[in-house]
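Enquirer: Heads up: the sequence lines are chains C and F, in that order. Here our numbering runs 111 ahead of the position in the first sequence, where the first position is 1. Here our numbering runs 1 ahead of the position in the second sequence, where the first position is 1. Built from N, CA and C at the ideal position, the CB exists for glycine as well. There's a structure below that I have some questions on.
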Amino acid sequence: MAVVVQPRPGEPGGIAALGLHKSFGEVRAVRGVDMTIGSGETVALLGPNGAGKTTTIDMLLGLQRPDSGRISVFGLSPEGAVRAGLVGGMLQVGSLLRDLTVSELVTMVAALYPRSLNVGETLAAAGVSEISERRTQNLSGGQSQRVRFAIALVGNPDLLVLDEPTAALDVEGRRDFWASMRGVAASGKTVLFATHYLEEADAYADRVILMARGKVVADGSPTEIKGKVGARTIRATLEGAREMELSSLPGVSTAEAHGEAVILRCADSDTALRALLAKYPAARDIEVRGGTLEEAFIELTTEDEAPELGETPERAGLEAAR
Amino acid sequence: MTALAYARYDLLRVVRNRRFFIFSIGFPLILYLVIAGSNKDKTIASIPFPVYYLTGMTAWGSMNGVVSGGGLISLERSLGWTRQLRVTPLPPWAYMASKVIRGYAMAALTIIFLYLAGLAMSVHLAISGWLLMTGLILVGLLPFAALGIMLGHLLTPDTLGPALGGISALFALLGGAWGPLGQTGAFHDIARALPSYWLVQAGEAGLTRTAWSSTGWIVIAVWTVVLARLAMLAYRRDTAKN
Numbered sequence: 112m113a114v115v116v117q118p119r120p121g122e123p124g125g126i127a128a129l130g131l132h133k134s135f136g137e138v139r140a141v142r143g144v145d146m147t148i149g150s151g152e153t154v155a156l157l158g159p160n161g162a163g164k165t166t167t168i169d170m171l172l173g174l175q176r177p178d179s180g181r182i183s184v185f186g187l188s189p190e191g192a193v194r195a196g197l198v199g200g201m202l203q204v205g206s207l208l209r210d211l212t213v214s215e216l217v218t219m220v221a222a223l224y225p226r227s228l229n230v231g232e233t234l235a236a237a238g239v240s241e242i243s244e245r246r247t248q249n250l251s252g253g254q255s256q257r258v259r260f261a262i263a264l265v266g267n268p269d270l271l272v273l274d275e276p277t278a279a280l281d282v283e284g285r286r287d288f289w290a291s292m293r294g295v296a297a298s299g300k301t302v303l304f305a306t307h308y309l310e311e312a313d314a315y316a317d318r319v320i321l322m323a324r325g326k327v328v329a330d331g332s333p334t335e336i337k338g339k340v341g342a343r344t345i346r347a348t349l350e351g352a353r354e355m356e357l358s359s360l361p362g363v364s365t366a367e368a369h370g371e372a373v374i375l376r377c378a379d380s381d382t383a384l385r386a387l388l389a390k391y392p393a394a395r396d397i398e399v400r401g402g403t404l405e406e407a408f409i410e411l412t413t414e415d416e417a418p419e420l421g422e423t424p425e426r427a428g429l430e431a432a433r
Numbered sequence: 002m003t004a005l006a007y008a009r010y011d012l013l014r015v016v017r018n019r020r021f022f023i024f025s026i027g028f029p030l031i032l033y034l035v036i037a038g039s040n041k042d043k044t045i046a047s048i049p050f051p052v053y054y055l056t057g058m059t060a061w062g063s064m065n066g067v068v069s070g071g072g073l074i075s076l077e078r079s080l081g082w083t084r085q086l087r088v089t090p091l092p093p094w095a096y097m098a099s100k101v102i103r104g105y106a107m108a109a110l111t112i113i114f115l116y117l118a119g120l121a122m123s124v125h126l127a128i129s130g131w132l133l134m135t136g137l138i139l140v141g142l143l144p145f146a147a148l149g150i151m152l153g154h155l156l157t158p159d160t161l162g163p164a165l166g167g168i169s170a171l172f173a174l175l176g177g178a179w180g181p182l183g184q185t186g187a188f189h190d191i192a193r194a195l196p197s198y199w200l201v202q203a204g205e206a207g208l209t210r211t212a213w214s215s216t217g218w219i220v221i222a223v224w225t226v227v228l229a230r231l232a233m234l235a236y237r238r239d240t241a242k243n
């Protein structure tokens, strides 16, 4: 049951979720999620498909009830916060009602909120002023998405939740969307957005919560997450080195050798580099590179998956072939 | 207040959807003009044919309007729109109310067009007769409003058309909207237990200027309560799923 939790001291008006669990039959979609989001923060919920992002968001919005765990949205239950008009949501799936103009549809939604924004200004903020008199059935995918954004925005909510807002968009559409989003985040709203585009989380969030297989596997600034995994890569040119020997160097997690080119993925690149030079003084063209969020993501999520997938025959065959 | 503001735009959508508008009002209207026109001087069950058929077609048409209002929930649910509304402060009852308002607006338009057609067929009722008939029709539509909301939560958009059409037609047929099913016998007894029968009887009330018997009021009340209860269960079952 979702019950009210007192906001933490120093975080009035924040969002807190504690020990969330949610199963659909056999599928354990969310398996113990804890998260707190401070007022005014822009947080990315990052993870692959099936990580439990949408289920978590649905619970924060009161669309799903957790099997166990507690949620507080500005000191209220999720349903209470929605009823008070404190929440605006842009859900992952959804079309617009037809036979209305963009401006009429947004006005219709504005009427539902107690302190909604001026419709004209909202349309401008969402970048849909030019199409405000067009019927909703005659919009492109990118335009519809920005109208849905205007719908989430027009109620002037304190918390804005966007579930993969750019999933269906092309590169240009994504750029336009985030351009309109930037002003909103700057206006002091609390924003939670789910994405599986790492560059979006990196570029637009103050903080990244990484989810995999129904759990939070990392939580911090994009830089902190990279630091936590320490996924730096050393590249070097080196003759006659064997992968086995390289991977046993201190600080190295995995090693690849393609002829003379050597790639070392490191948990501790400083130690690894010293050990490499001590053992192979001939190593040259050395390059140490900080890991991308993409690499952090793969490392964190595959670590978590390994024990359970280990038993499957396909996986065993794959291991044997290596 | 919010329900009204919301319903206003919902109504605008009906008027703009010309095909829906024309078909749902045009069909009973054309049937009335053709069939009542060719039986102008006959009587059914001691009621002048144009009067009987006027209430028959009005009952059927307005019933369609009200049921389809609720049926739209199914469509909006499949679009993901009802989910979107669930993250706004609009309470579920207000959403359903907007669909009932929309259904009644369609019914009102049907009633107006058919009354005009009735006047053209020289149907003459006293003013109080018209008012009583209209009032009874509006009350008699209540169970169908609940039926629409129930079906809107149970059906998918691809089954919606045939299901709503079929159910309305069955109620209309058994209630005697397309012609009486005899004054005695099993069908007559069944008919008297149906809300659509009493909708049609609103026409006789218009002529005699006496409202339904107590049986009529009870039948309408029981159907309204039972269908509203079923609609509520269908709503709960539907929202529990997602």
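Could you tell me whether the Cβ of Arg-433(C) comes closer than 8 Å to any Cβ of chain F?
Expert: Low local confidence applies: a pLDDT of 39 at Arg-433(C) is under 50, so the model's placement there is unreliable, and no value is given.
Enquirer: So which residues on chain C does Gly-81(F) lean against when the C-beta distance must stay under 8 Å?
Expert: Chain C residues near Gly-81(F): Leu-202, Val-204, Gly-205 and Ser-206.
Enquirer: So with CB distances below 9 Å, who are the chain C contacts of Val-10(F)?
Expert: This sequence places Tyr at residue 10(F); Val is not what is there. Residues of chain C passing the Cβ test: Leu-208, Leu-211, Glu-215, Leu-216, Thr-218, Met-219 and Ala-222.
Enquirer: Leaving out five residues before and five after Ala-314(C) in sequence, what residues of the same chain have Cβ atoms less than 6 Å from its Cβ?
Expert: Closer than 6 Å at the Cβ level, and outside the excluded window around Ala-314(C), lies no residue.
Enquirer: Look at Tyr-308(C) and Pro-90(F) and say whether their C-beta atoms are less than 8 Å apart.
Expert: No, the Cβ-Cβ distance between Tyr-308(C) and Pro-90(F) is not below 8 Å.
Enquirer: Rounded to whole angstroms, what is the Cα-Cα separation between Trp-179(F) and Ala-203(F)?
Expert: Whole-angstrom Cα-Cα distance: 14 Å.
Enquirer: Under the three-state reduction of DSSP, which class applies to His-132(C): helix, strand or coil?
Expert: Looking at His-132(C) - three-state DSSP - the assignment turns out to be strand.
Enquirer: From Val-213(C), Leu-273(C), Ala-236(C) and Ile-345(C), pick the residue whose C-alpha is nearest to that of Asp-203(C); which is it?
Expert: The sequence as given places Gln at residue 203(C); Asp does not occur at that position. The shortest C-alpha separation from Gln-203(C) is found at Leu-273(C).
Enquirer: Spatial neighbours of Lys-300(C) within its chain, please: C-beta separation below 8 Å, excluding the five flanking residues on both sides.
Expert: Closer than 8 Å at Cβ, skipping near neighbours: Gly-151, Pro-268, Asp-269, Leu-270 and Leu-271.
Enquirer: Would you say Leu-264(C) faces chain F, with C-beta separation under 8 Å as the test?
Expert: Not one chain F Cβ lies under 8 Å of Leu-264(C).
Enquirer: Assuming Leu-137(F) and Trp-213(F) are in contact, meaning their beta carbons sit under 8 Å apart, how far apart are those beta carbons, in whole angstroms?
Expert: Their Cβ separation, rounded to whole angstroms, is 7 Å, which keeps Leu-137(F) and Trp-213(F) in contact under 8 Å.
Enquirer: Measure from the alpha carbon of Met-58(F) to the alpha carbon of each residue in Pro-49(F), Ile-74(F), Ala-235(F) and Ile-31(F), then state which is nearest.
Expert: That would be Ile-31(F), whose Cα lies nearest to the Cα of Met-58(F).
Enquirer: If you measure between the beta carbons of Gly-325(F) and Leu-152(F), is that distance less than 8 Å?
Expert: Outside the displayed span of chain F (2 to 243) sits residue 325(F), for which this structure offers no information.
Enquirer: Quick one: what's got a C-beta closer than 8 Å to Ile-48(F)'s C-beta in the same chain, skipping five residues either side?
Expert: Hits under 8 Å: Gly-204, Glu-205 and Leu-208.
Enquirer: My output table needs one value for Arg-346(C): the three-state DSSP class, helix, strand or coil.
Expert: Residue state, collapsed to three classes: strand.
Enquirer: For Pro-225(C), which residues does DSSP report across the bridge?
Expert: The partner list for Pro-225(C) (beta bridge, DSSP) is empty, contrary to what the question assumes.
Enquirer: Who are Ser-79(F)'s beta bridge partners in DSSP?
Expert: In DSSP, Ser-79(F) forms no bridge with anything.
Enquirer: Could you tell me which chain F residues have their CB closer than 8 Å to the CB of Leu-174(C), listed as they occur along the chain?
Expert: Here the neighbours are Arg-84, Arg-87, Val-88 and Asn-243.
Enquirer: How would you write the range of the alpha helix (DSSP H) that Glu-311(C) sits in, first residue to last?
Expert: Taken as a continuous stretch (DSSP letters only), the alpha helix (DSSP H) holding Glu-311(C) covers 309 to 315.
Enquirer: What do you reckon, are the CB atoms on Gly-325(C) and Arg-176(C) nearer than 8 Å?
Expert: Contact flag unset, no.
Enquirer: With a cut-off of 8 Å, does the C-beta of Asp-230(C) fall near any C-beta of chain F?
Expert: Looking at the sequence provided, one finds Val at residue 230(C) rather than Asp. Closer than 8 Å: no.
Enquirer: Please state whether the Cβ-Cβ distance between Gly-167(F) and Val-67(F) is less than 8 Å.
Expert: No, they are not a contact pair.
Enquirer: Any Cβ of chain F within less than 8 Å of the Cβ of Arg-194(C)?
Expert: With 8 Å as the cut-off, Arg-194(C) counts as an interface residue toward chain F.
Enquirer: Any beta-carbon of chain C closer than 8 Å to the one on Ala-6(F)?
Expert: Yes, Ala-6(F) lies at the interface with chain C (some Cβ there is under 8 Å from its Cβ).
Enquirer: Since Gly-200(C) and Val-88(F) should fall inside the 8 Å C-beta cutoff, what is the C-beta to C-beta distance between them, to a whole number of angstroms?
Expert: Indeed they touch by this definition, with Cβ atoms about 4 Å apart.
Enquirer: Report the CB separation of Cys-377(C) from Ser-359(C) in whole angstroms; it is logged as a contact under 8 Å.
Expert: Not quite, the Cβ-Cβ distance comes to about 13 Å (not below 8 Å), so this is no contact.
Enquirer: Can you give, in chain order, each stretch of the alpha helix (DSSP H) that sits fully within the stretch 166 to 229 of chain C and has at least 4 residues?
Expert: The qualifying runs are 189 to 194 and 213 to 221.
Enquirer: For a test of the three-state rule: what should DSSP assign to Arg-87(F), helix, strand or coil?
Expert: Three-state result, Arg-87(F): helix.
Enquirer: Name, in chain order, the residues that DSSP records as bridge partners for His-369(C).
Expert: Answer is Ala-372(C), bridged to His-369(C).
Enquirer: Report the residue ranges of all beta strand (DSSP E) runs contained in full by the stretch 268 to 302 of chain C; include only those spanning at least 3 residues, in chain order.
Expert: DSSP runs (the beta strand (DSSP E)) wholly in the stretch 268 to 302 of chain C: 270 to 274.
Enquirer: For Leu-321(C), report the span of its alpha helix (DSSP H) as first-last.
Expert: Here Leu-321(C) belongs to no alpha helix (DSSP H); instead the beta strand (DSSP E) covers 318 to 323.
Enquirer: Using a 10 Å radius around the Cβ and a threshold of 16 neighbouring Cβ atoms, would you call Gln-248(C) buried or exposed?
Expert: Per the 10 Å Cβ criterion, exposed.
Enquirer: Heavy atom of the ligand ZN less than 7 Å from the Cβ of Arg-293(C), yes or no?
Expert: As far as ligands go, the structure on display features none, and thus does not contain the ligand ZN.
Enquirer: Would Arg-14(F) pass as an interface residue toward chain C - the criterion being a Cβ-Cβ separation below 8 Å?
Expert: Answer yes: the Cβ-Cβ gap between Arg-14(F) and chain C drops below 8 Å somewhere.
Enquirer: Assuming Asp-42(F) is part of the alpha helix (DSSP H), what are its boundary residues?
Expert: That residue, Asp-42(F), is in no alpha helix (DSSP H); it is neither H nor E in DSSP.
Enquirer: Can you name the residues of chain F whose CB is closer than 8 Å to the CB of Val-434(C)?
Expert: No information on residue 434(C) is available, as it lies outside the stretch 112 to 433 that chain C covers here.
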